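Residue numbers for the sequence shown follow our numbering, beginning at 283 and rising by one.
Here is the structure we will look at.
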Amino acid sequence: MKHIVKIMTLLVAISASWFGLLQTSMVPSRHNLLVPIYFMICLGCYGLLMQVGDGLIQFPTYPQEALLLQQVLNIAILFLVLFW
């Protein structure tokens with residue numbers, strides 16, 4: 283329920299600001315339809331970056347995966363030293 287309220291609040295704020303920009307003619311008339319599309323693309327990129335960034339931030343909190351990664355790196359280093 284909280285997510286729905288957040289999304290609705292965000293949509294209302296975006297709509298209000300968009301109508302305000304249209305009323306003050308800050309956005310040229312030929313860009314009226316392009317700006318919301320650009321906004322949605324930017325919002326999607328932001329969401330993707332936040333999801334990837336959150337995954338990178340949360341990774342060190344999993345000690346088993348960190349140990350496994352360290353073992354894989356040690357094997358790779360040993361392989362490079364022996365066969366390079």
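Don't be surprised by glycine CBs; every beta carbon is placed ideally from N, CA and C.
These figures come from a predicted structure and were not determined experimentally.
Per DSSP, reduced to three states, the secondary structure at Y344 is coil, with no helix or strand assignment.
P310 carries a coil assignment under DSSP once its states are collapsed to helix, strand and coil. Of the residues G335, L325 and N356, the one whose Cα lies closest to the Cα of L293 is L325.
Take A298, set aside five residues on each side of it, and no residue of its chain has a beta-carbon closer than 6 Å to its own.
Rounded to the nearest whole angstrom, the CA to CA distance from F321 to Y328 is 10 Å.
A direct Cα-to-Cα measurement between L330 and L350 gives close to 26 Å.
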